[in-house]
Structures are given as structure tokens and as C-alpha cells.
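Counting from 3, one number per residue, gives the positions in the sequence shown under my numbering.
Even for Gly, the Cβ is constructed at its ideal location relative to N, Cα and C.
Since the model is a prediction, treat every value here as computed from it, not as a measurement.
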Amino acid sequence: MIFKKDNFIFGFIMGLIAPFLGFAVFKYTKLGPLNYFEALQYLFIEPGHRLLTVAISLSLMANAVLFTIYINARIDKTAKGIFVATLIYAVTALSIKTFG
Numbered sequence: 003m004i005f006k007k008d009n010f011i012f013g014f015i016m017g018l019i020a021p022f023l024g025f026a027v028f029k030y031t032k033l034g035p036l037n038y039f040e041a042l043q044y045l046f047i048e049p050g051h052r053l054l055t056v057a058i059s060l061s062l063m064a065n066a067v068l069f070t071i072y073i074n075a076r077i078d079k080t081a082k083g084i085f086v087a088t089l090i091y092a093v094t095a096l097s098i099k100t101f102g
């Protein structure tokens, strides 16, 4: 089964993709009537980018779930890849919040 694969690159790719699924959930619950382009435009135009950092943070919850699953299954290399991708997203969110 592909999800039992213990590979850093596989985990990194999953860690990059999972937040998009988390963002889709956020978009439909918070910004339902807007299409994706309008939602992203609204998130970037909003003063202080408060909603953007909330969206990124909630999107990372998908990575937290994946990371927990892989750590508990002792598939450590994949979990490390997910963790590195999560750090990249987290640094991006902090940079936007601090310097944006």
C-alpha cells in the first residue's frame, strides 16, 4: 500500500499537498460564495492579512493529522518529510504576519 511507504520525499510531497485540502475546507466554511480566485484575492487584500494567517494555520491542521498518523505508525522518514513541509508553511505564515 502506498501510504505505508517510508520515504522522506513522499512525506514532503504529502506535507505540501495536505494544506490545500485543509484550505478547501476553510474556504467552503468561511468564504463559501467566493470562488478560489476571489477568496485568495480577498485574503491577500485584507488589511493585516489576519484572515490569511488564520487560513494557513487551519490548513496546517491537515499536516498535524498526517504527522500524528505517521508517527504513531512508526513510519518516521515520511513523518519527517511532513514535518519539514509544515515548517516551511509555518515560516511563511509567520513572515506574512510579521512583515506583511
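Within the model, the alpha-carbon separation for Pro35 versus Ala92 is close to 27 Å. Excluding sequence positions up to five before and after Ala64, its CB lies within less than 7 Å of the CB of Ala20, Pro21, Leu23, Gly24, all in the same chain and listed in chain order.
Just so you know, the alpha carbons of Thr94 and Thr80 end up roughly 22 Å apart.
Per DSSP, the continuous alpha helix (DSSP H) segment holding Ala66 begins and ends at 52–74.
Taking Leu54 as reference, the option from Phe5, Lys99, Lys7, Lys6 with the minimal CA-CA separation is Lys99. Counting of Cβ neighbours within 10 angstroms places Phe101 among the exposed residues, the total staying below 16.
If you look at Glu40, you'll find it in the alpha helix (DSSP H) that goes 38–47. If you draw a straight line from the Cα of Ser97 to the Cα of Gly50, it comes to about 12 Å.
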